[in-house]
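Residue numbers (the working numbering): -17 to 273.
Every residue, glycine too, gets a C-beta built ideally from N, C-alpha and C.
Only one structure is covered here, and it is reproduced in the block below.
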């Protein structure tokens, strides 16, 4: 007869706080999750997250190459100037610009009659190319009017300027109607209006001695080449950065030609009175001196 087995029961002492913790832990976790959710909602309501925008760094503009601009303007003059009575002159003028792979006269062939002269030529736009710069030259001609010619210019390893391809006739750089600042506030100080009007009258008339009475100690002002008579001050407004005023005036010259002109006058309050430190330009190309 097989022996009977008896179940055994063991008794182990457990702290009451452990029993309570095991029973209450799920509820505490639920409370913690709920609290975290409320805090997150509160944070988003006060300071909602914003997408991070990576701002592309603008490429640094290449330095202005005055020699390259002059080279392009000289080429445009030679290219657009011709006289059918002297065709050889056109070929000789373009010969220094030719490359070994270019057509004679840079691929141009003037008409069999007539002539054309360039009255003036000026670079009005430039952009970088992989191997140089592309200049847009405005050229006023006596026969074809105002023309715009792009001229590709490169520099050789030795630094010499060279034509980098054929030219092209293009349209003018885009422009639109005038955009005037309308948000500027009017100057309401009569004393400042008086000083601005008086200084502009003396400035336009080239009255340097009288103008000096309204200038600061370190003012940088040079007088205009031809005198003008100030007729009226049309408006006087504070500039956007508040340290100068914009004066729109009407004036006329000795031939009775009338103009509407705008001048920015840099002003400073010195010892309770307004003084002028600059008018429209900075002739010394230096930052203004603080008074």
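Query	Result
Rounded separation between residue 210 and residue 117 - CA only	37 Å
Other residues of its chain near residue 221: CB distance less than 8 Å, five sequence neighbours each side excluded	166, 227, 228 and 246
N-terminal and C-terminal residue of the beta strand (DSSP E) that residue 255 is part of	255 to 261
Of the listed residues 178, 163 and 66, nearest to residue 169 (C-alpha basis)	178
6 Å Cβ shell around residue 251 - same chain, five flanking residues per side excluded	none
Three-pair Cβ contact test at 8 Å for the stretch 90 to 102 versus the stretch 125 to 137	yes
Per-residue burial, residue 145 [other beta carbons within 10 Å of its own, 16 or more giving buried]	buried
Cβ pair count under 8 Å reaching 3, the stretch 82 to 99 against the stretch 57 to 71	yes
Same chain, Cβ closer than 6 Å to residue 86, neighbours up to 5 away in sequence not counted	none
Terminal residues of the alpha helix (DSSP H) in which residue 72 lies	69 to 76
Contact with chain B by residue 155, beta-carbon distance below 7 Å	Checking the listed chains, one finds no chain B in this structure; it contains a single protein chain.
Selected residue, minimal CA-CA separation from residue 174, among 217, 80 and 192	217
Distance, residue 56 Cα to residue 64 Cα	14 Å
Residue 117 - partner residues in DSSP beta bridges	108 and 133
Residue range of the unbroken alpha helix (DSSP H) whose run includes residue 61	48 to 62
Same chain, Cβ closer than 6 Å to residue 60, five either side skipped, listed in chain order	75 and 76
Nearest to residue 199 (by Cα), restricted to the options 258, 53, 111 and 62	258
Cα-Cα separation between residue 73 and residue 148, rounded to whole angstroms	15 Å
Paired residues, beta bridge with residue 226 - DSSP	248
Coarse secondary structure for residue 175, derived from DSSP in three states	helix
Per-residue DSSP class, three states only, for residue 168	strand
Same chain, Cβ closer than 8 Å to residue 265, neighbours up to 5 away in sequence not counted	202, 203 and 204
Candidates 189, 112 and 135, of which the one nearest residue 51 by Cα	135
For residue 39, three-class secondary structure by DSSP	The predicted position of residue 39 is uncertain, since its pLDDT is 41 and thus under 50; a value taken from the coordinates is nonetheless stated next. It is coil, neither helix nor strand.
Limits of the unbroken beta strand (DSSP E) element including residue 215	211 to 220
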